[in-house]
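Chains as they are written, first to last, in the working numbering: chain D, 261 to 362; chain Y, 261 to 362.
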């Protein structure tokens, strides 16, 4: 199993609406094969910061997801948020990790 | 529930030994009250990078752990690793997150 973590920081002040969008998005991705789970984390003292913590069977499953229509739909749906959503480009990061010990 | 994530990058070339130390450390912290679980993650393409992903009942439990003898013991045990362990100080980061959706 691998863990893919993506991180963003919202600079447009509408992080609550983004949080709601993330809740809906997590339900979409759950239908993708090889996808064991997602957790959406929001900064406790920095509520503009989000981590999406995804568990995948392997890197191939994760790469297939990034090419899938589910991925595109999830990211397009951000446009339905009222007002513009701006993300600090310097905050954007995607990391892939192996689970060492549980 | 909250998630506390700490991140380090090893610069001394002995990340395999640090990985082994982390495996032992995860067992120590499991005995601390209010501690629902830990995952140790290691960078898939950056094996010198580690994330410690800890789930706590609340911030108070996490703060109590950081003041505890278990925390001190876990961090002192890094000295038992053969050779010196150096960490990139710029890489060190601790974040506390709320779980938004699962």
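Every residue, glycine too, gets a C-beta built ideally from N, C-alpha and C.
The structure displayed is predicted, hence computed values, not measured ones.
Can you name the residues of chain D whose CB is closer than 7 Å to the CB of residue i?
i, result
"residue 357 (chain Y)", "301, 302, 303, 304, 311"
How about residue i and residue j: do their beta carbons lie closer than 8 Å?
i, j, result
"residue 356 (chain Y)", "residue 264 (chain Y)", "yes"
"residue 299 (chain D)", "residue 278 (chain Y)", "no"
"residue 297 (chain Y)", "residue 315 (chain Y)", "yes"
"residue 334 (chain D)", "residue 285 (chain D)", "yes"
"residue 268 (chain D)", "residue 325 (chain D)", "no"
Along chain Y, in chain order, which residues have C-beta atoms closer than 7 Å to that of residue i?
i, result
"residue 352 (chain D)", "By Cβ distance, chain Y contributes nothing, its closest Cβ being about 16 Å from residue 352 (chain D), past 7 Å."
"residue 279 (chain D)", "360"
"residue 325 (chain D)", "Residues of chain Y passing the Cβ test: none, with the nearest at roughly 16 Å."
Can you give the Cα-Cα distance for residue i and residue j, rounded to whole angstroms?
i, j, result
"residue 320 (chain Y)", "residue 354 (chain Y)", "16 Å"
"residue 293 (chain D)", "residue 274 (chain D)", "32 Å"
"residue 211 (chain Y)", "residue 262 (chain D)", "Residue numbering for chain Y in the displayed model covers 261 to 362; residue 211 (chain Y) lies beyond these limits and cannot be assessed."
"residue 301 (chain D)", "residue 343 (chain Y)", "36 Å"
"residue 329 (chain D)", "residue 271 (chain D)", "27 Å"
"residue 308 (chain D)", "residue 338 (chain Y)", "34 Å"
"residue 350 (chain Y)", "residue 327 (chain D)", "33 Å"
"residue 281 (chain Y)", "residue 348 (chain Y)", "18 Å"
"residue 291 (chain Y)", "residue 276 (chain D)", "36 Å"
"residue 323 (chain D)", "residue 313 (chain Y)", "23 Å"
"residue 306 (chain Y)", "residue 317 (chain D)", "19 Å"
"residue 266 (chain Y)", "residue 336 (chain Y)", "17 Å"
"residue 311 (chain Y)", "residue 311 (chain D)", "13 Å"
At 8 Å on the CB atoms, spell out the chain Y contacts of residue i, in chain order.
i, result
"residue 262 (chain D)", "304"
"residue 321 (chain D)", "Neighbours of residue 321 (chain D) on chain Y: none; closest Cβ ~13 Å, over 8 Å."
In the structure shown, what three-state DSSP assignment does residue i receive?
i, result
"residue 292 (chain Y)", "coil"
"residue 275 (chain D)", "helix"
"residue 346 (chain D)", "coil"
"residue 315 (chain Y)", "strand"
"residue 341 (chain D)", "coil"
"residue 330 (chain Y)", "helix"
Is the Cβ of residue i closer than 8 Å to any Cβ of chain A?
i, result
"residue 339 (chain D)", "Looking for chain A here will not work: the only protein chains present are D and Y."
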